[in-house]
Structure formats: C-alpha cells, structure tokens
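J.: To start, I am sharing the structure in question, which I have written as structure tokens.
There are 2 protein chains.
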Amino acid sequence: MVTIKDISLRCGVSSATVSKALNGSKEISEETAEYIRKVAREMGYLPNATARALKTKRSNNLGVLFIDKTQSGLAHEYFSKILNSFKVEAERSGFDITFISCNLGQTRMTYLEHCRYRNCDGVVIASVDFYDPSVIELVQSDIPTVTIDHVFDNRTAIMSDNVSSVRELVQHVYEYGHRKIAFIHGEDTSVTQKRLASFFKTCEELGLDIPEEYIKPAIYHDPESSRIATKELLSLKERPTCILYPDDYSFLGGMSEIEKNGLQIPNDISVVGYDGINLAQVLRPRLTTWKQDAEAIGREAASQLIKSIEMPKTYIPQQITIPGQLLIGNSVKKL
Amino acid sequence: MVTIKDISLRCGVSSATVSKALNGSKEISEETAEYIRKVAREMGYLPNATARALKTKRSNNLGVLFIDKTQSGLAHEYFSKILNSFKVEAERSGFDITFISCNLGQTRMTYLEHCRYRNCDGVVIASVDFYDPSVIELVQSDIPTVTIDHVFDNRTAIMSDNVSSVRELVQHVYEYGHRKIAFIHGEDTSVTQKRLASFFKTCEELGLDIPEEYIKPAIYHDPESSRIATKELLSLKERPTCILYPDDYSFLGGMSEIEKNGLQIPNDISVVGYDGINLAQVLRPRLTTWKQDAEAIGREAASQLIKSIEMPKTYIPQQITIPGQLLIGNSVKKL
DNA sequence: TTAAATTACGAAAACGATTAAGAACAAATC
DNA sequence: GATTTGTTCTTAATCGTTTTCGTAATTTAA
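In the order they appear, the protein sequences are chains A and B. First residue of the first sequence? That's 735 in the numbering used here, and the numbers climb one at a time after it. First residue of the second sequence? That's 735 in the numbering used here, and the numbers climb one at a time after it.
Structural data, given as structure tokens:
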C-alpha cells in the first residue's frame, strides 16, 4: 500500500507538500504539484479514506436507514429506485452509502449510535416507523438527516405528492362517470393519512357520498391483503364500479381475485393503481395509475443532504414535494 | 464526543488500560475493568470505528457489488432478499455494508480501487457482468470475495441450483403429460447457460425433441421481453402446450399476453415460473415455479466471507450450492 | 537600500484508537 | 535471601492523513 510518505520520499519533498499538492492547494507551485501528481499516479497511490476521515472528521459516508419490514423493503420498486438514484447522486459528490441498523455484533445500539460509530456525515431515512423513538432520536440529533415521505418539524423532507395524486386519480375516474369508488389503503402512516384525507376531501368536493364499507385497509406491497380487501368489496350488495389500490404491486392480488370471480377489467369493474411500476405498464389492459417520480425523489434527497452537510451554517431545511404524473391506461371504463 | 482518553483521565488510568479493558483483554484486573466499563457507560462512550480501522487495518466493513442494470437490480425480489439476509448475517458479526461502485466524485475508479479506498475487509459480488475486467480484477485481488451464482476458479461462490431446478421443472411438466415444452430464457450468463443445458439434457433424457423455435431469448426481470417472446410462441403453427419463463416476474408479461389472446391458464396453455416470489403465490391460478432459497444464499455468502476474513490462513474457498424447492401451483394442466 | 509582503515549502502536532515493550510490585521458587 | 515468575499497569510508537504555524527565499513597496 503506497502512502503519502512513500511519495514524499520519492519526490524529495515533505509529506505535507504531497498532501497539499494532491488536494489542489494553491500553496504549492504548479510545477511541483504536477510532478507530485505524476509520481503519485505512477506509484498507484490511493488515498486512505479511513485516515482522512479520522483527521478531517468527514467520512464522506452517508447512512441509509431503510427498514425491510416485509422482507421486501428493497424489493419495493419505489424505494429501490429512490435508493438507487440517491446512491448515484451521492457518488457523484464523492459519498459512499452505508446501511444503518440497530444491532451490530452482540451489542444492540440505537440508530444514532450506529451513525456516530461509523461517522456518517448524514443519513437518509425512508420506509421506517417514523414514531420509533430511536428514529426520532436520530432525527433530533445534530447529524444531518433527510426523510422521505414524512416530515419531522423543520427538518428536511422529500415527499411524493400524496394529496394531488389521489385528487387527480379520483377526479379522473369521476370524469369517466364513476360514482361508486372504493379505496383500499395501506397501513396507517402519514402517507396513508394524506391519501385518505385527499380522497375524502375530493369526494366531498365532487358531491360523492362514499359508504364506509368502500374504505378497506390493507398493507402496502402486500398483494394478499389487497386480494382479501378486493374479495370483500366484490361481495358487497352495492358493488363499487371502481377500486383504488394502495399500490400497483398490491393491485396484482386484487386482479387475481377479480379474474377468479370471472370479472373483466375494465368492463365489469374498473381499477386504479399507484406507483407506476414497470410491470403495470406491461399488463393488458394497461393500468391507470399514478407515477411517483422516485428517481427525482432520491436525487433531491441526496442533493439536499449533501448541501446541508457542506454548508451547515447557511443551509435552511426544506420540505420539498416532488410532483408525480397521472398515467392513463385502459383499466378504467367510461360509464 | 467522548474518547478513550476522556475515560482514562476520569478513571485515573492510562488510555492503554482503558482500551484493553473495553476490549476484554485479560491483562487488566477484573476490578479495574469493571470500573472502567462502568465509567465508559456513564460517559456514553462509543468507539470510533475510523480510528480503530486505521490502526488495526480492519474496517469491519463489507463491500457489496450489485449492478442495477435495469434500474431494478434491487427491486428484484431474489437479489433483494439475498442482500437482506447477507446484511443481517454480516451485522450479527459486527460488519457493516457499503455499496461499491466505480465512480466516486469526479474520479473514476475500478471496483478494486474503491474497495481499497474504503478498506473493505471483503466483498460480495452479485448480479454483475462477471466478464467485466474490473470485476475480474477485484476477484483476483487479495481482497476476500464471494460471488453469487457465478464461479471464478477456486474462489468462494454461493449458487442456486440451476441444474436441478430446471430438471425438476421439466420432469414435472412431463409427468403432467406435456411434450411440447417451450423455454423462454434470460440473457446470456452462466446461470442461463446452466439452465439451458439442463433443459436440453433433461429433454433428451425424456426423449423429447424440442424444435428450435420453442427456445426464445428474453431478459430477466423484464416482463415486456417475455411478453414478446410469448406472443411469438403463441403464433406458432405448432403451439407449445407449456411455457417455462425466465422468472416469475417476467411471467407476468407473458400472462398478460396470454390473456389478451383470450387463452386461459392452465386450460388453454400451461406455464411455469422461476424464483418463487411472493406475488406468484397470490395469483390465481397459483404459479407452479421453483423457489430459490435466497435467504439461505445471502446468509451463507456472509458467513463464508466472514470466515475467510477472520481466518485468512486456514480458510478453504468453497463452491456451495443451495438447494431450492419445487412449488406446485395450478398453472400446469394435466393432459 | 531597507522594510514589508508574498510565495513555496517543511516540521510537527494532531485525530482516536491499538499494541509492543517495559516497569513496578507481589508472589513463588530455589 | 536472591532469583524467577506473574500480574497489572504505563509509556510511547504507530496507523495515514491534514493542518497550523514557522521560515527561508524571493519579490514588491517605500
């Protein structure tokens, strides 16, 4: 392993000079700097991130706090895409990604402790229980954080537009003549609350009276629970003409149930998804759904987080909503 | 931030003593050790992984090299599960996970350079182009590696059983009376080669003569390409009675095409998947498929990697095949 | 010509841990 | 009583960087 000292010996300068030259300090004459860089290249020098981090207190490492609840947190196309674009953007700025969890070795630690132990410069938090005390402790610490799809007061958050999305979806099916609209929603989170509120508000504005049994709880990204909810909806005396699903993936559970009952989409029943995953655009009929801009969310999260790390004094926390897009397929029938 | 020195001052001992006490060295009397631990706890001491790594040359960090080709590498339930169980097992032994990529900041680096820069103790490699020179360089370096589903000579590899799986699947549909069996396979990788070879071998053993047009290329985890392949198969004069898909997820593309053509599964055509993802077990009819034990693969990969790190002298590289399991659904009709 | 400013570099001290070698003391051995 | 052994702790070096401060040489200003 070739170190700065090796280079300094070879070049006949001090290690301080080498360090400065390689870091582009203008204290060093262009001539010597060029020479040092050349020798460093020839010797195959690689900086030692560990030593650098120890000295500078900057690890150039970002923590990622994702909980894989259903053993599929990352299999979730939405979060997976967010993580990926977050990673790409972070790497563009020279940051690496480390997963944060709460048990390392035999010692259980809080998320905050884990971050400190690893000297994370910042953390992105997504898909977790935002009411977990350990999460709250982390968010309230002095470590820069950005959350996805949840706002902690006055801390940076990047959100998908869960209000507009549901409004537009409901308006869309309304325009197609639907009045009996059912809504299968995910488990109780701030995202779900927003979507539900938007659903009720929009229905009210449109003068729709939605019976209680049209609102069914399910679990995000769990097709089975949506299948069960669908079954219940289909067995109602006054069957809805359109069902909104928690997400595209869950819809597949519903789809299966619908087809099992010998019903056709959209002729016998209309459906609407959420997320705009790849798959949904391959199915025939194409699913009408809401495309969340996961790529932009991840990118923006990284960008904000890095800003807050690099200018801790002047950075102002922001709550940023990333717009999505209505994808009109053929899964909603015009009545 | 409280350091060992702070503790040593408070306890009136040297920092060496504190370090040894906290690391459970038996050089220190149980009495002092207990006292030091108590004070450390009270002061909220956390070891500094960076400093420790610098001194010991052990970062307790494992690199993960996953390429997100289709922007969905991690959305892939199989790989996502592997990564997750890998992570869980690694954390159990006190290792953290860092993603490895090839561009950090403005400087492009090879995977090996990235690993060295971050002082990774070892790397797991999966879902990449195993013929990429940068990957090969990494595997041939002195950094311990373990690959998933690909064997580099005499280096540790964990594999799903791609030979038995295809054999059992083919035998299964054969037993159900199918003779015209089509196979949609993924892009050309060593996994695909194994599966194809196993397919041909099994067919031969069963005395089946599979026409060339029954073998269709597609792309793993890309429903659209499987949809196209399905379309071609369905338009053949001599239509197959059963189609094997590259993976469950891709099958959904095929399913969509089949239904669009007014055909029913399994009455009009039988289908078989691969992977055993959650979703496939929710669909009706339930998909007959092969369940890969992703959880075991990830766990074993971590376990082997850590072993090779902790006993570099005595560790013997191993190629381990993890058995899977035939999941019989209702997607294959008895002829 | 002299003083002040600038440039280009070096010496040395960190950062927070680990660890080899040594010292002080008590106990055991001869 | 002298020597050895063992226990428990300390000293000091080290890991590979960065960075503050100092200094010599050169340039500029007065």
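All residues carry an ideal CB built from backbone N, CA and C; glycine is no exception. Since we're looking at a predicted model, the values are computed, not measured.
#1: Anything in the stretch 851-869 of chain A with a Cβ closer than 7 Å to a Cβ of chain B? List those residues in chain order, please.
#2: Can you say whether residue 815(A) is buried or exposed, counting buried as having 16 or more other CB atoms within 10 angstroms of its CB?
#3: Report the neighbours of residue 753(A) on chain B: residues whose CB is nearer than 7 Å to its CB, in chain order.
#4: Under a CB-based cut-off of 8 Å, is residue 939(A) close to chain B?
#5: Using the Cα positions of residue 740(A) and residue 887(A), report the straight-line distance between them to the nearest angstrom.
#6: Output the distance between the C-alpha atoms of residue 923(B) and residue 884(B), rounded to the nearest integer angstrom.
#7: Does the beta carbon of residue 974(A) come closer than 8 Å to any beta carbon on chain B?
#8: Is any beta-carbon of chain B found at less than 8 Å from that of residue 994(A)?
#9: Which same chain residues, not among the five before or five after residue 1033(B), have their C-beta less than 8 Å away from its C-beta?
#10: Give me the chain B residues within the contact set of residue 788(A), using Cβ-Cβ distance strictly less than 7 Å, ordered along the chain.
#11: Taking a contact to mean a Cβ-Cβ separation below 8 Å, would you say residue 1066(B) touches residue 1000(B) in this structure?
#12: Which partner residues of residue 879(A) appear in the DSSP bridge assignment?
#13: Does any C-beta atom of chain A lie closer than 8 Å to the C-beta of residue 821(B)?
#14: Under a three-way DSSP split, which group does residue 1038(A) fall into?
#15: Return the bridge partner residues of residue 893(B) from the DSSP annotation.
#16: Are the C-beta of residue 1021(A) and some C-beta of chain B separated by less than 8 Å?
#17: Among 989(A), 953(A) and 890(A), which residue has its Cα nearest to the Cα of residue 1037(A)?
#18: How long is the line joining the alpha carbons of residue 993(B) and residue 958(B), rounded to whole angstroms?
#19: Using the rule of at least 16 other Cβ atoms within 10 Å of the residue's Cβ for burial, across every protein chain shown, is residue 750(B) buried or exposed?
#20: Answer yes or no: does any C-beta atom of chain A fall closer than 8 Å to that of residue 827(B)?
#21: Name the chain B residues that come within less than 8 Å of residue 793(A), Cβ to Cβ?
#22: Would you mind giving the Cβ-Cβ distance between residue 798(A) and residue 834(A), rounded to the nearest angstrom? I have them listed as a contact below 8 Å.
#23: Using the C-alpha atoms, what's the distance from residue 800(B) back to residue 809(B)?
#24: If I'm right that residue 783(A) touches residue 767(A) with Cβ under 8 Å, what's the distance once you round it to whole angstroms?
#25: What residues match up with residue 916(B) in a beta bridge as DSSP calls it?
#26: Check residue 1064(A) in the structure and name its three-state DSSP category.
#27: With distances taken from CA atoms, which of 850(A), 873(A), 847(A) and 1006(A) is nearest residue 859(A)?
#28: Tell me whether the stretch 950-965 of chain A and the stretch 975-991 of chain A touch, counting them as touching only if at least three CB pairs, one residue from each stretch, are closer than 8 Å.
#29: Is it true that the stretch 932-952 of chain B meets the stretch 894-910 of chain B, where meeting means three or more beta-carbon pairs spaced less than 8 Å apart?
#30: Taking contact to mean at least 3 C-beta pairs separated by less than 8 Å, is the stretch 909-925 of chain A in contact with the stretch 969-981 of chain A?
#31: Compute the Euclidean distance between the alpha carbons of residue 871(B) and residue 1013(B), then round it to the nearest angstrom.
#32: Taking contact to mean at least 3 C-beta pairs separated by less than 8 Å, is the stretch 850-859 of chain B in contact with the stretch 776-790 of chain A?
#33: Entirely within the stretch 952-1024 of chain B and at least 3 residues each: give me those beta strand (DSSP E) ranges in chain order.
#34: Can the beta-carbon of residue 838(B) be found closer than 8 Å to that of residue 825(A)?
#35: Tell me, please, whether the CB atom of residue 731(B) is closer than 8 Å to any CB atom in chain A?
#36: Residues in the stretch 747-780 of chain B with C-beta within 7 Å of chain A's C-beta atoms, listed in sequence order?
T.: Taking the geometry as given:
#1: 851, 852 and 853
#2: So residue 815(A) ends up on the buried side.
#3: The premise fails here: residue 753(A) is roughly 16 Å from chain B at the closest Cβ pair, so nothing lies under 7 Å.
#4: no
#5: Each residue's alpha carbon lies about 50 Å from the other.
#6: C-alpha separation (whole angstroms): 9 Å.
#7: no
#8: yes
#9: Excluding sequence neighbours, residue 1033(B) sits near 819, 820, 822 and 823.
#10: Under the 7 Å cutoff, chain B gives 784, 785 and 788.
#11: yes
#12: 857(A)
#13: yes
#14: helix
#15: Under DSSP, residue 893(B) shares a beta bridge with 1055(B).
#16: no
#17: 890(A)
#18: 15 Å
#19: exposed
#20: yes
#21: 784
#22: 6 Å
#23: If you take the alpha carbons of residue 809(B) and residue 800(B), they lie about 12 Å apart.
#24: That pair is no contact at about 22 Å.
#25: 977(B)
#26: coil
#27: 873(A)
#28: yes
#29: yes
#30: Because the criterion of three Cβ pairs below 8 Å is met, the stretch 909-925 of chain A and the stretch 969-981 of chain A touch.
#31: 38 Å
#32: In short, these stretches touch, since the Cβ pair count reaches three.
#33: 976-978 and 1004-1006
#34: Yes, the Cβ-Cβ distance between residue 838(B) and residue 825(A) is below 8 Å.
#35: The structure shown does not extend to residue 731(B), since chain B is modelled only from 735 through 1069, so no value can be given for it.
#36: 780
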